[in-house]
Every structure is written in C-alpha cells, then in structure tokens.
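Enquirer: Just so we're on the same page, my numbering is the position in the sequence shown counted from 1, plus 91.
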Amino acid sequence: MAREDFGASLRRLVQSGKRPRTTVGAVGSMARLSALAGAAVAAILIPTTAFVVVTGNNVTNDLVNLPLKLEDRPNPQTTRLLASNGELMAYFYKENRQDVPLEKIAPVMQEAILAIEDSRFFKHGALDLKGTIRAAVNNASEGQTQGGSTITQQLVKLTLLSQATTKEERIAATETSLARKARELKLAISYEREHTKKEILERYLNIAYFGDGAYGIQAAAFHYFSKSPDKLTTTQAATLAGLVKNPVEFDPRVYPERALQRRNTVLAVMERLGVLTAKEVADESAKTLGLKITKYPNGCVTSVAAFSCDYVRRYLLQEPALGATVAERQTTLERGGLTIKTNIDLRMQKAANSAVRTTVNPKDKAIAGMAMVEPGTGKVRAVAQSRPMGRDKKKGQSFINYTVPRAYGDSGGFPAGSTFKMFTVAAALKQGIDVGKTYRSPRMIRMPAGTYFDCEGGGTGLWEPTNSTSSGKMNMYTGTRLSVNTYFAQLERDAGLCNTVKAAESMGIVVPFDPDNKDSKGRLRPITNQVPSFTLGVTNVSPLDMAAAYATPASGGLYCKPMPVASIIDLKGRDVKKYKPECERVLSKDEAAQINDILRGVQEPNGFGYANGTALQVPSAAKTGTTQENKAVWYTGYTPELSTAAMIAGVTSKGLPRSLAGVTINGRFLNFLSVGGSSLAGPMWKKAMGIVQNYLEPSNFDPPPKRQPVAEKAKKAEPEEDEETAVPEDPEDT
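1) Relative to the C-alpha of Ala736, which candidate in Thr718, Thr385, Ala772 has its C-alpha closest?
2) Which ranges does the alpha helix (DSSP H) cover as unbroken runs of at least 4 residues, wholly within the segment 372–423, from first to last along the chain?
3) Tell me which same chain residues have a C-beta within less than 6 Å of the C-beta of Ile431, skipping the five on either side of it?
4) Quick one: Cα of Arg294 to Cα of Tyr402, how far?
5) Going straight from the alpha carbon of Met463 to that of Asn721, what length do you get?
6) Helix, strand or coil: which one does DSSP assign to Met92?
7) What's the call for Leu588, buried or exposed, on a 16-neighbour Cβ count within 10 Å?
8) Tell me the start and end of each unbroken beta strand (DSSP E) in the segment 157–199 that is at least 3 residues and wholly inside, in chain order.
9) Would you give the residue range spanned by the alpha helix (DSSP H) that Thr643 belongs to?
10) Going by C-alpha to C-alpha distance, which of Ser509, Lys593, Pro606, Thr510 sits closest to Thr551?
11) Can you give me the start and stop residues for the alpha helix (DSSP H) that Trp776 sits inside?
12) State the beta-bridge partners of Arg676 as determined by DSSP.
13) Using beta-carbon positions only, say whether Gln327 and Val395 come within less than 9 Å of one another.
14) Name the residue from Phe511, Ala329, Asp585, Ala457 whose alpha carbon lies nearest to the alpha carbon of Val714.
15) Could you tell me the distance, in whole angstroms, from the CA atom of Ala657 to the CA atom of Ala359?
16) Does the separation of the CB atoms of Glu732 and Ser790 fall below 9 Å?
17) According to DSSP, is Met538 helix, strand or coil?
18) Report the rounded CA-to-CA distance for Glu555 versus Thr577, giving the unit in angstroms.
19) Using only alpha-carbon positions, find the residue among Thr265, Leu218, Ser253 that is nearest to Gln244.
20) Measuring alpha carbon to alpha carbon, tell me which residue in Asp163, Leu747, Glu162, Val345 is nearest Pro506.
21) Under 8 Å by Cβ, that's how I've got Asn590 and Lys521 pegged, so tell me the actual separation to the nearest angstrom.
22) Tell me which residues share the same chain as Gly307 and place their Cβ nearer than 6 Å to its Cβ, disregarding the 5 neighbours each side in the sequence.
23) Would you identify the three-state DSSP class for Lys663, choosing helix, strand or coil?
24) Does DSSP classify Ser750 as helix, strand or coil?
25) Using a Cβ-Cβ cut-off of 6 Å (strictly less than) and excluding sequence neighbours within five positions of Gly527, which residues of its own chain qualify?
26) With Gln476 as the anchor, note down where its alpha helix (DSSP H) starts and where it stops.
27) Does the beta carbon of Ala350 sit closer than 9 Å to a beta carbon anywhere in chain D?
28) Let me know the secondary structure DSSP gives Ala299 once reduced to three states.
29) What did DSSP end up calling Met513 once you bin it into helix, strand or coil?
30) Does Ser240 come out as helix, strand or coil in the three-state DSSP assignment?
31) Give the single residue among Glu208, Val667, Thr265, Ala595 whose Cα lies nearest to the Cα of Pro411.
32) Starting from the C-beta of Thr515, find all residues in its chain whose C-beta is less than 7 Å away, skip the five residues before and the five after it, and write them out in chain order.
33) With a threshold of 16 other CB atoms inside 10 Å of the CB of Asp525, please say whether the residue is buried or exposed.
34) Residue ranges of each alpha helix (DSSP H) run of no fewer than 4 residues wholly in the segment 665–725, ordered along the chain?
35) Tell me which residues share the same chain as Asn444 and place their Cβ nearer than 6 Å to its Cβ, disregarding the 5 neighbours each side in the sequence.
36) Run through DSSP, which three-state label would Ile524 get?
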C-alpha cells in the first residue's frame with residue numbers, strides 16, 4: 092500500500108473506529124505461527140487450567156490469583172476544590188487525570204499516538220503478529236521506532252497497574268515474566284471482543300502516563316501546553332505521543348533536546364506512514380517545543396487558601412457520603428474526580444491572609460489566627476494564620492491549623508478571655524435578668540466557696556477576681572462595654588454557672604467536664620471548666636469556634652454549625668451531597684438584639700475597640716478578650732452579614748501556649764502593659780474587616796427591646812479598696 096493510501100486509510104479508521112475482522116479463527120491462525128512469535132503467542136491457546144503448569148516457575152501465587160477478565164473500573168481522576176465563586180483552590184489526586192471522550196481529542200493526536208505506538212491498530216486484533224516479528228527484527232538491528240505490544244496490550248498492562256491496590260498486585264502487574272505477558276494477551280483478546288477500537292483508543296489515551304505527573308491526554312495537554320486536547324497542533328501532538336514510550340527519558344522540562352529529537356522521530360514516522368507530507372514534516376520539525384507549562388499542585392500547600400483548603404480536606408474525611416471509613420473517603424477524594432464547591436470567599440480569604448501576615452511574622456513566638464463565618468448559615472468564608480503551611484520550621488512553617496478545632500487542625504486552641512462574657516450576658520437575659528441590673532463592682536471581690544454550682548450540682552471553691560479597667564456601680568451595658576470582671580462575677584452568680592456554660596455550649600463551645608476522670612493509676616483527676624472563672628474565658632477554643640458563636644446574636648439568635656462545603660459533585664455531574672445549614676434557635680430575637688446593642692458600644696465612641704481604630708463604615712459590634720497570664724488576646728466582632736474572630740497567641744517552638752509578654756511580633760516588643768485584645772487583636776481584625784466591609788450589603792441590627800439605661804458614672808475603686816491597676820495603652824480585661 093502506498094504511503095499516501097496508508098495515511099488516508101489511517102485517518103478514515105481514526106474517524107470511524109471500526110473493528111477489524113478479527114475472529115477466534117484469526118487468533119487460531121496466528122497461533123499456528125507461534126514458532127515465529129514465541130512462547131507468548133503459544134500461551135494464548137493454553138487453557139486457563141493448564142496456564143500455571145506451562146508457565147511453571149515464572150508465575151507467582153499473586154499472579155495466578157488475579158482475575159483473567161479486565162474490570163471496566165473508572166480510571167483514577169483528579170478532584171477539584173473550588174471557592175464559592177467557582178475559582179480553583181486546589182487539586183487532590185493520586186494520579187493527575189481528567190478523562191475526556193475521544194471526540195474531544197484532536198484527530199492529529201490520535202494519529203500521532205497510533206503512528207508511533209501501534210500503526211496497525213485498526214488492522215489487527217489483540218495481538219499484532221506482524222508487528223511483533225518486526226519489533227523483534229528491529230530490536231536486533233537497533234532500528235526500532237515502535238514496540239511489539241499493541242495498544243490493547245499496553246492498555247491491559249496500564250489498567251492492571253492502575254487497579255492494583257496492594258504491593259503484591261503491583262509487583263504482579265509489572266514483573267518481567269512470560270506468565271505476565273501471556274496473561275495480558277488473554278486479557279487483551281477478551282477486551283477486544285467486548286469493546287470497539289474507538290473505546291480502546293479512548294481509554295488508552297486517558298490512562299497513558301505522559302510524565303511529570305500528567306496522567307491521560309487531558310492533563311498532559313494542559314500541563315505541557317496549557318490547552319485542551321482538542322486544540323493540540325501537529326507538533327504538540329507529536330511531542331506528547333513521543334513521551335509515552337519513556338516519560339522520564341523524554342521529559343521536555345528536564346531533557347528538552349531529547350524530547351525534541353523524539354518529537355521529530357514521531358513526525359518522521361507519520362511521514363513514512365503517509366499521515367503527513369514531507370513538507371509538513373520539514374516545517375513542523377523546524378519548530379521549537381513551545382512549552383507553556385500549567386502546574387497541577389497536589390494538595391493545599393501552594394493554595395492561596397492553604398489552611399481553609401486543609402480544613403475542608405479534613406472535614407471531608409469525616410463525610411460518610413464519601414465512604415464508610417477514613418481510608419475509603421481519602422481514596423474517593425484522591426481518585427474519584429469529584430468537584431467540591433466550598434463556601435470559601437477568596438476575597439475575604441485574601442484580606443484575612445494579609446491581616447495575619449502583616450501583624451505577626453512566621454518565625455515570631457506567636458501565632459495570629461482569624462476565622463470568618465456567615466451568620467444565619469454557618470458558611471465558613473475564610474480561615475487564615477500567620478504561619479504558612481509547610482515542613483520548614485526554620486521558616487516558621489507548620490502543618491498545624493491553629494484556626495480550627497482540634498479534630499480538623501491538631502491545635503488544642505487557646506483561652507478566649509473576656510469574649511466569654513457574651514455567654515454570661517446571654518444566660519442572664521434568658522433567666523430574665525434586666526439589662527439595668529446594677530451591681531457595686533469594686534476592684535476586687537470575694538466570692539465564697541459554694542457561691543457557684545456546676546451542672547451536676549457540685550459547689551465550687553473560693554474565687555477572688557479583680558478588675559483591670561473601671562470599677563464602681565455598673566449595669567449590663569457599662570459592665571460589658573468596660574469589661575468589668577467583678578460585675579461579671581456577680582452576674583454569673585445570679586444567672587447560674589451551669590446556665591452560663593449551657594449558653595456557651597448552645598453556641599458550639601465545647602466545655603470540658605469530667606468530674607470522675609481518673610489517671611492511669613486510678614487516682615481521681617477531675618477535668619472541668621465549669622468553674623467560677625468560666626465567664627473570663629478559661630476554656631480553650633479556636634477562632635472558628637468563636638466566629639461561629641458570635642454569629643449567633645448577629646443572625647438574630649440562630650446558632651449554625653460551621654459549614655465549609657457547599658456541595659460535592661461526582662465525575663458524571665451528579666450530586667453526591669448538597670449541604671444545607673444546620674441551625675438551631677438558641678436565643679430569641681429580642682435576646683439577640685439586646686446583645687447586639689450592648690456589644691456595638693465597643694465599636695462606637697468611648698468603646699475600647701473604637702479607641703484603637705476598629706470602627707467600620709457599616710453597623711458592627713464586638714468584644715475584646717485578654718487571657719490570664721497574657722497567653723492570648725482576642726477581638727471578636729461582627730456585622731449582620733459576617734462574624735470574624737481575630738486572635739494572637741503566644742506559642743513555643745512546639746506550638747504550646749506561652750505568654751505574649753516579652754515576645755516580639757513583627758519587630759514590635761511586647762511588654763506586659765501592651766498586651767491587650769483591643770490594642771493587638773483589634774487592629775488586626777480591622778485590617779481584614781476594613782476591606783471585607785466593601786463586599787457586604789450593609790444592614791442594621793434589629794432594635795433592642797430596651798436601650799441603655801441611665802447609670803451612675805463609673806468611678807474608681809471604693810475608698811476601702813486598693814487603687815486599681817490601670818492599663819493606659821489598652822484598658823482591657825484580663
């Protein structure tokens with residue numbers, strides 16, 4: 092057949108995909124020529140029961156036990172993680188691959204792969220006897236351009252390797268033995284009987300490895316040339332086709348000269364077969380490789396939303412819809428070709444990233460964390476921290492996510508200080524205590540043992556809290572806005588310690604309580620945060636916990652579980668799961684409105700936050716927090732559309748809590764007096780929210796049932812008390 096005729100015939104066959112007339116009889120004819128084809132061809136005729144006997148020592152038990160029918164399981168596919176606007180955040184995969192139908196692969200790509208790998212593909216069955224003999228002759232003369240295995244045989248080998256789930260199966264799929272080759276031939280014959288040539292070619296192009304982490308033609312086309320496979324040019328198709336034989340040796344990124352030579356070899360073969368003219372080959376061979384690399388980073392490390400991404404990943408590993416076990420879910424995530432749409436807003440994410448990284452340096456002995464949650468839905472819009480994701484501790488990198496609960500990030504959290512006073516206010520309102528409730532609030536107060544009772548009725552010990560801000564007669568408005576500890580000691584007493592704990596728990600806070608806990612030696616070691624100082628925030632929490640909790644009054648009283656994912660879609664576009672808000676009313680609308688009205692004073696003139704520049708152009712409310720021993724400072728603020736918790740905590744090199752006093756952050760040395768929620772965490776909160784407010788649709792809080800009552804002017808400690816210790820730079824609670 093003339094070269095032109097062969098090329099035209101190949102093009103027609105590529106387009107038609109017709110099956111050649113290969114029958115069992117034809118296979119029998121080939122078997123009669125087994126002396127030329129070798130023992131592999133003879134093995135085709137050997138019954139399965141005799142297969143082991145004939146191959147003898149060349150076959151392992153693992154190989155014998157493998158099925159002699161190829162399963163049509165889907166190829167491993169790449170999962171895409173998308174932001175709320177559909178923008179790509181990350182890929183998850185074991186093999187970077189996205190299958191495409193044959194009609195979406197350029198004909199020249201099909202011609203190129205057939206020319207160099209199996210030019211007689213449409214003329215033979217599972218075994219190409221002529222090609223096998225030619226390959227043997229060419230191998231002997233070192234003049235080969237094409238191997239002896241057909242595309243169907245190659246497909247079988249690649250499929251067995253892809254479907255291998257154990258080390259033994261992988262060895263059996265790749266070991267050098269007559270038994271493996273014979274088994275592959277049997278599988279190939281069976282596969283050819285059940286599939287058209289087009290189906291085989293399509294699956295082959297989608298399973299083949301093209302090097303540099305690119306599995307399948309879709310990933311390869313985008314990786315090397317940043318285009319879809321239907322847009323590939325002749326030279327690009329020839330480059331990719333040339334990689335299949337040895338993706339490492341001909342890697343165009345590492346060995347461009349070898350890749351160029353291999354590409355030109357493919358072009359020459361296409362000319363010899365009549366697919367291309369001599370002039371076309373001359374023109375194409377003169378071109379450069381023209382690479383335009385698109386990277387497919389696997390996982391979250393390089394994502395613009397690295398810790399949001401990792402939070403989503405770990406959240407999905409607990410999703411039953413993806414499998415019965417964590418291992419099954421991970422396999423689905425890395426091989427299932429899912430499309431996961433998250434609730435992460437990249438505009439808010441970038442604002443949070445900038446805020447934490449410009450406040451605390453990665454190598455500082457402190458961590459800055461921030462989380463954003465949408466009130467009324469629980470949609471997680473962003474989590475960010477000052478330490479970037481990675482293994483290089485010298486650069487301050489870490490894989491610990493300090494912004495989310497331990498189950499999703501391995502951090503035990505940090506005490507939230509007086510941000511917990513919001514829970515006490517909520518408990519008091521639910522108990523019917525009026526916002527005008529006034530207490531004489533001296534600098535120090537003595538609360539005797541038995542004043543407070545935990546949720547099992549157990550009495551607590553003596554507590555002597557002190558103020559670090561104002562003292563005097565306070566009501567719920569002034570006591571909260573000035574964060575007066577001795578006021579809240581009394582308010583918690585009257586609201587009930589257990590009721591205050593339950594208010595926090597209703598808003599998602601996990602409060603440790605195990606009075607019967609025993610150590611390994613059987614000694615009683617009670618674990619409890621149900622203590623009088625609960626109102627001052629002794630419980631470890633994450634920024635995500637606090638953002639979700641403060642979203643409760645912002646929403647009008649609904650607590651919604653944090654929801655980072657919107658939907659999961661499978662490879663065929665079907666919904667695996669659509670997430671709906673999981674919300675519960677835990678405050679009445681009036682109670683929520685009352686809390687909002689109290690806390691908005693922090694953001695208004697004379698408020699701690701306002702004094703440190705935290706005010707927004709839209710209605711907002713907030714609460715500050717500084718913990719015992721200055722281990723963490725907080726600023727949790729919100730608008731009706733978004734709740735944001737900002738935290739800066741001292742940490743050791745091992746990530747354990749330490750005091751911020753004596754630490755330098757971003758070149759600024761912190762002494763004891765400069766550590767405060769409104770002075771440190773507040774400005775960081777404003778850095779993010781000052782930008783994010785432009786993305787919100789401004790709306791006001793609902794009017795409260797009662798406005799701020801007229802109160803006596805706050806004054807310093809009563810004459811019989813010691814003078815208070817003021818904190819001039821940041822009059823904040825501790």
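All C-beta atoms, glycine included, are put in the ideal place defined by N, C-alpha and C.
Expert: For this structure:
1) Closest by alpha carbon: Ala772.
2) The qualifying runs are 397–407.
3) Cβ-Cβ distances below 6 Å link Ile431 to Leu172, Ile659 in the same chain, with the five nearest sequence neighbours on each side left out; the list follows chain order.
4) Answer to the nearest angstrom: the Cα atoms are 35 Å apart.
5) For Met463 and Asn721, the distance between alpha carbons rounds to 24 Å.
6) Low per-residue confidence applies at Met92: pLDDT is 47, beneath 50, and the placement is therefore not dependable enough to give any value.
7) Its Cβ being crowded by 16 or more others within 10 Å, Leu588 is buried.
8) Listed in chain order, they are 170–173, 179–183.
9) Counting along the chain, the unbroken alpha helix (DSSP H) around Thr643 starts and ends at 634–646.
10) Comparing Cα positions, the closest option is Pro606.
11) From DSSP, the alpha helix (DSSP H) with Trp776 extends over 773–783.
12) According to DSSP, Arg676 bridges with Leu649.
13) Cβ distance not < 9 Å, so Gln327 and Val395 don't count as in contact.
14) One point to set straight first is that residue 714 is Lys, not Val, in the sequence displayed. The shortest Cα separation from Lys714 among Phe511, Ala329, Asp585, Ala457 belongs to Phe511.
15) Cα to Cα, Ala657 sits roughly 51 Å from Ala359.
16) In this structure, Ser790 lies closer than 9 Å to Glu732 by Cβ.
17) Annotated three-state conformation of Met538 is strand, per DSSP.
18) Between the C-alpha atoms of Glu555 and Thr577 there is a straight-line separation of about 9 Å.
19) Taking only the C-alpha atoms, the option nearest Gln244 is Leu218.
20) Answer by Cα proximity: Leu747.
21) Confirmed, about 7 Å.
22) Excluding positions up to five away in sequence, the list reads Arg188, Asn297.
23) Residue state, collapsed to three classes: coil.
24) DSSP places Ser750 in the coil class of the three-state scheme, outside both helix and strand.
25) Excluding sequence neighbours, Gly527 sits near Asn566, Pro800.
26) Not the alpha helix (DSSP H): Gln476 falls in the beta strand (DSSP E), residues 471–476.
27) Among the chains of the structure shown, chain D does not appear; only one protein chain is present.
28) Here Ala299 sits in coil by DSSP.
29) DSSP, read as helix, strand or coil, puts Met513 in helix.
30) For Ser240, the secondary structure class from DSSP, reduced to helix, strand or coil, is coil.
31) When Glu208, Val667, Thr265, Ala595 are compared, the shortest CA-CA separation from Pro411 is found for Val667.
32) Only Phe579, Leu582, Glu583, Ala586, Thr591, Thr626 meet the Cβ criterion.
33) Exposed.
34) Counting whole runs of 4 or more residues, the segment 665–725 contains the alpha helix (DSSP H) stretches 680–690, 699–702.
35) So the list reads Ala475, once near-sequence residues are dropped.
36) In the structure shown, the three-state DSSP call for Ile524 is coil.
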